[in-house]
Amino acid sequence: MRKSIATVSLSGPLSEKLTAIATAGFDGVEIFENDLLSTSLSPEDVRLRCADLGLSIDLYQPFRDFEAVPAELLARNLRRAERKFDVMERLGADLLLVCSSVAPESLDDDALAAEQLRQLADRAQRRGIRIAYEALAWGRHVDTYDHAWRIVEQADHPALGTCLDSFHILSRAGDPGGITDIPGEKIFFLQLADAPLMAMDVLQWSRHYRCFPGQGGLDVAGVVAAAVKAGYRGPLSLEVFNDVFRQAGAASTAVDALRSLLLLEESAGLAAPPAAAAPSGFAFAELTAADTEPLRGVLGALGFSRAGRHTSKPVELWQQGEARILVNTGAGGHRGGPALAAIGLETPDPAQAARRAEALLAPVVPRRRGPKDTPLDAVAAPDATQLFFCRTGKPDHPSWTDDFTGLPPTHAEPAGGVSRIDHIALTQPWHQFDEASLFYRRVLGLQADESLDLADPYGLFRSRAVAGPDGGVRIALNVAPAPGEENVRFQHIALATDDIVATARLLRERGAGLLPIPDNYYDDLDARHDIEPHLLRTLRESGILYDRDETGEFFHCYTPTIGRVFFELVQRTGGYRGYGAQNAGVRLAAQHAYQHGV
Numbered sequence: 001m002r003k004s005i006a007t008v009s010l011s012g013p014l015s016e017k018l019t020a021i022a023t024a025g026f027d028g029v030e031i032f033e034n035d036l037l038s039t040s041l042s043p044e045d046v047r048l049r050c051a052d053l054g055l056s057i058d059l060y061q062p063f064r065d066f067e068a069v070p071a072e073l074l075a076r077n078l079r080r081a082e083r084k085f086d087v088m089e090r091l092g093a094d095l096l097l098v099c100s101s102v103a104p105e106s107l108d109d110d111a112l113a114a115e116q117l118r119q120l121a122d123r124a125q126r127r128g129i130r131i132a133y134e135a136l137a138w139g140r141h142v143d144t145y146d147h148a149w150r151i152v153e154q155a156d157h158p159a160l161g162t163c164l165d166s167f168h169i170l171s172r173a174g175d176p177g178g179i180t181d182i183p184g185e186k187i188f189f190l191q192l193a194d195a196p197l198m199a200m201d202v203l204q205w206s207r208h209y210r211c212f213p214g215q216g217g218l219d220v221a222g223v224v225a226a227a228v229k230a231g232y233r234g235p236l237s238l239e240v241f242n243d244v245f246r247q248a249g250a251a252s253t254a255v256d257a258l259r260s261l262l263l264l265e266e267s268a269g270l271a272a273p274p275a276a277a278a279p280s281g282f283a284f285a286e287l288t289a290a291d292t293e294p295l296r297g298v299l300g301a302l303g304f305s306r307a308g309r310h311t312s313k314p315v316e317l318w319q320q321g322e323a324r325i326l327v328n329t330g331a332g333g334h335r336g337g338p339a340l341a342a343i344g345l346e347t348p349d350p351a352q353a354a355r356r357a358e359a360l361l362a363p364v365v366p367r368r369r370g371p372k373d374t375p376l377d378a379v380a381a382p383d384a385t386q387l388f389f390c391r392t393g394k395p396d397h398p399s400w401t402d403d404f405t406g407l408p409p410t411h412a413e414p415a416g417g418v419s420r421i422d423h424i425a426l427t428q429p430w431h432q433f434d435e436a437s438l439f440y441r442r443v444l445g446l447q448a449d450e451s452l453d454l455a456d457p458y459g460l461f462r463s464r465a466v467a468g469p470d471g472g473v474r475i476a477l478n479v480a481p482a483p484g485e486e487n488v489r490f491q492h493i494a495l496a497t498d499d500i501v502a503t504a505r506l507l508r509e510r511g512a513g514l515l516p517i518p519d520n521y522y523d524d525l526d527a528r529h530d531i532e533p534h535l536l537r538t539l540r541e542s543g544i545l546y547d548r549d550e551t552g553e554f555f556h557c558y559t560p561t562i563g564r565v566f567f568e569l570v571q572r573t574g575g576y577r578g579y580g581a582q583n584a585g586v587r588l589a590a591q592h593a594y595q596h597g598v
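Just so we're aligned, residue 1 is where the sequence shown starts under the UniProt record's numbering, counting upward by one.
If you want it as structure tokens, here you go:
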């Protein structure tokens, strides 16, 4: 189906919005009146600009507080409408959105509303314009889509139809099933928005917290499926009011928006992009660093050995068990220190995973490849982390490890007990958290936990984990509390061990420190969990944090941060699937204290 978006959904001046919308790949646009009023472009200029960009103007909006008014106010409202029609003719727009009235002078009289809307539609028809009547969820007398449809049906005018808005329907717990009772040709337009489930005034909810489909908790796909079943054949159009989107770059937001519509079509059974090939494990994590000595020291202390060098690139392979870290010296890390640049994902069908990602607008990573290098499919995640789809050491697929020649180990110490990468935590740009969550869930096929708000010494940060069904891949997505705070955008790699106490002891013996944890934490831990005294003493001495749930226990500790990266050691027992979120505030405070010498 054709895809459209309201200009109010993006930040910036109208000219920039139109460029971003067209570049992302949309077919059409809704012109929001405030955007037109605030631009120096004339309506004719906007019309030409849209035509040059290949965008149709699908809707002009909104026209407010028209219907069901006393007779003495009708002439004023009709005059307002004629001026809107003048603008629409100059724009080349032929559909006007009329919202149900919130005006105190409006009357609770459906017959009067229908008669006045019929008059409006009659005037519009004479000028080649149609009217789409929409029920606002906070409308004074008309606040449900079925009520709006009854008025449209009663008016019985060919130039008058209804506009369905998923937020207005679902925020009032409306049943989308009733949409199928509306003739498809009378559904003039379909506006779509999701939203997180929140207990708040519906107007404030709508004005500040809407998001793109799939990023909230509303059944937007159900609304689309019902409208299509009724016979709707118009565009799928996004109308999203969101404080974050109003501050984020229009170009990236437009791509996020179009991806959400592509995934919505899949959910509603209207399209079938390549199926997901969900990853089953981590092939590697790649760190970039200009000065690699501090990183090599930490890896050696953790028990990693330098196992190979790339045949054509300045990249080293460090390995312990199934945990593999690539150290790339060809690009500098954050302020000269290491930064996580890429993740290798063990994937049952790498080509299939890449096809899906590309179909859903993930940019392909351009690669400089030597003539004998193993071909690797890779795309960029929303935060620019490179994702490589791999099959390591499998006879049915080329293995990326074939590009590395062996090197003798640089450390004689015994291994540190690390078996694999347990999870990777990525701190997202503040405006891309919901986009990243949708990307990893729907593009890669991972399952998501609930979003959490965690305490930081300087505020709150959001966190949401995505994982494969068997836990082979776990990625924690975090977002810092405020824009522009690059110093808090840490990433970390969590390494699994079967004996965290022994591994922590080896680190200390090799001269690598662990993040100090305050004694107060362990006093509280004893009160909360009644831990056996010897174990509590061991945890305290080793700087190990602890959590438990009904299925098992979780032990974890951290190295200090190098550049933007730190390592976590984790030990899971039983069926524990979490990440020790209860300890996040303590860890963050300890990191701040360590960095600033407090």
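Using N, Cα and C, we set each Cβ at its ideal position, and we do this for glycine too.
Kindly list the residues whose CB is nearer than 6 Å to the CB of residue i, restricted to its own chain and excluding five residues on each side of it in sequence; keep chain order.
{"i": "residue 265", "result": "271"}
{"i": "residue 589", "result": "457"}
{"i": "residue 260", "result": "212, 213, 214"}
{"i": "residue 1", "result": "236"}
{"i": "residue 584", "result": "454"}
{"i": "residue 503", "result": "416, 417, 497, 569"}
{"i": "residue 320", "result": "303, 304, 415, 418"}
Flag this pair as yes or no: are the beta carbons of residue i and residue j separated by less than 8 Å?
{"i": "residue 131", "j": "residue 88", "result": "no"}
{"i": "residue 57", "j": "residue 14", "result": "no"}
{"i": "residue 20", "j": "residue 227", "result": "no"}
{"i": "residue 545", "j": "residue 443", "result": "no"}
{"i": "residue 178", "j": "residue 143", "result": "no"}
{"i": "residue 558", "j": "residue 514", "result": "yes"}
{"i": "residue 479", "j": "residue 428", "result": "yes"}
{"i": "residue 238", "j": "residue 224", "result": "no"}
{"i": "residue 306", "j": "residue 316", "result": "yes"}
{"i": "residue 137", "j": "residue 148", "result": "no"}
{"i": "residue 387", "j": "residue 328", "result": "no"}
{"i": "residue 536", "j": "residue 522", "result": "yes"}
{"i": "residue 257", "j": "residue 24", "result": "yes"}
{"i": "residue 566", "j": "residue 461", "result": "no"}
Would you kindly report the start and end of the unbroken beta strand (DSSP E) that includes residue i?
{"i": "residue 62", "result": "56-63"}
{"i": "residue 466", "result": "459-467"}
{"i": "residue 96", "result": "95-99"}
{"i": "residue 310", "result": "305-310"}
{"i": "residue 79", "result": "Here residue 79 belongs to no beta strand (DSSP E); instead the alpha helix (DSSP H) covers 71-91."}
{"i": "residue 454", "result": "452-456"}
{"i": "residue 238", "result": "236-238"}
{"i": "residue 328", "result": "323-328"}
{"i": "residue 566", "result": "565-572"}
{"i": "residue 558", "result": "553-558"}
{"i": "residue 30", "result": "28-32"}
{"i": "residue 3", "result": "3-6"}
In whole angstroms, what separates the C-alpha of residue i from that of residue j?
{"i": "residue 581", "j": "residue 454", "result": "8 Å"}
{"i": "residue 384", "j": "residue 512", "result": "31 Å"}
{"i": "residue 430", "j": "residue 463", "result": "11 Å"}
{"i": "residue 213", "j": "residue 295", "result": "41 Å"}
{"i": "residue 277", "j": "residue 586", "result": "37 Å"}
{"i": "residue 8", "j": "residue 210", "result": "12 Å"}
{"i": "residue 402", "j": "residue 569", "result": "28 Å"}
{"i": "residue 391", "j": "residue 509", "result": "36 Å"}
{"i": "residue 599", "j": "residue 171", "result": "Because the chain here runs from 1 to 598, residue 599 falls outside it and cannot be looked at."}
{"i": "residue 595", "j": "residue 338", "result": "16 Å"}
{"i": "residue 248", "j": "residue 10", "result": "8 Å"}
{"i": "residue 542", "j": "residue 175", "result": "56 Å"}
{"i": "residue 104", "j": "residue 158", "result": "29 Å"}
{"i": "residue 551", "j": "residue 576", "result": "5 Å"}
{"i": "residue 208", "j": "residue 193", "result": "12 Å"}
{"i": "residue 418", "j": "residue 52", "result": "58 Å"}
Counting only the same chain and skipping the five closest in sequence on each side, list residues whose C-beta sits under 8 Å from that of residue i.
{"i": "residue 115", "result": "155"}
{"i": "residue 538", "result": "501, 544"}
{"i": "residue 437", "result": "215, 448, 451, 464, 466, 477"}
Could you spell out where the alpha helix (DSSP H) holding residue i opens and where it closes?
{"i": "residue 205", "result": "202-209"}
{"i": "residue 525", "result": "519-529"}
{"i": "residue 544", "result": "Segment: none, residue 544 is in no alpha helix (DSSP H) and carries neither H nor E."}
{"i": "residue 594", "result": "584-595"}
{"i": "residue 253", "result": "250-267"}
Who are the Cβ neighbours of residue i in its own chain at under 7 Å, not counting the five residues just before and after it?
{"i": "residue 232", "result": "184, 187, 190"}
Chain D beta carbons: is any one of them nearer than 8 Å to that of residue i?
{"i": "residue 450", "result": "In the structure shown, chain D cannot be found, because there is only a single protein chain."}
### Message
Could you check whether the stretch 215-224 touches the stretch 156-169, counting it as contact only if at least three pairs of C-beta atoms, one from each stretch, sit closer than 8 Å?
### Response
Because the criterion of three Cβ pairs below 8 Å is met, the stretch 215-224 and the stretch 156-169 touch.
### Query
Is it a yes or a no for the stretch 57-74 touching the stretch 20-31, going by three-plus beta-carbon pairs under 8 Å?
Contact holds: three or more Cβ-Cβ distances are below 8 Å.
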